[in-house]
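In our numbering, the protein residues as written are 226 to 343.
Just so you know, even glycine gets a beta-carbon here, dropped at the ideal spot from N, CA and C.
Keep in mind it's a predicted model, so treat the numbers as computed, not measured.
Now the structure itself:
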């Protein structure tokens with residue numbers, strides 16, 4: 226019986242570790258995909274900025290300054306939103322891992338208590 230309980234604890238620990246690793250891998254993949262999307266978006270933005278600069282050279286200086294300010298504000302807002310979304314996702318991932326670790330620890334303690342009583 227004690228051996229069965231020990232095997233059960235070991236099995237649960239292995240399952241917990243597998244879930245933790247899977248969550249970390251999913252989080253890493255999400256960060257990698259987000260970084261790749263950001264890199265591509267930055268390349269696209271750079272191409273757009275290059276075209277905007279060429280067009281702005283033909284415009285009056287006042288119009289060029291207004292457009293540059295508008296683009297900078299939009300970019301800052303978008304970057305701030307993306308960073309907030311990334312941080313929230315990472316926080317949710319950490320909370321999920323913490324929750325699973327706490328649940329696992331509670332089960333382990335309960336099994337140890339049951340094993341001591343048996």
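As assigned by DSSP and simplified to three states, the class of residue i
i, result
"residue 270", "helix"
"residue 206", "The chain is shown only over 226 to 343; residue 206 falls outside these bounds and no answer can be derived."
"residue 284", "coil"
"residue 226", "coil"
"residue 251", "helix"
"residue 343", "coil"
Beta-carbon spacing of residue i, residue j below 7 Å
i, j, result
"residue 340", "residue 238", "no"
"residue 281", "residue 287", "no"
Whole-number beta carbon distance between residue j and residue i, since they are thought to touch under 8 Å
i, j, result
"residue 333", "residue 234", "6 Å"
"residue 245", "residue 322", "6 Å"
"residue 325", "residue 241", "6 Å"
"residue 255", "residue 308", "So it is not a contact: roughly 14 Å between Cβ atoms."
"residue 318", "residue 263", "The pair is not a contact, with the Cβ atoms about 18 Å apart (cut-off 8 Å)."
"residue 277", "residue 292", "7 Å"
Closer than 7 Å to chain C by CB, residue i
i, result
"residue 320", "You won't find chain C in this structure, because it holds only one protein chain."
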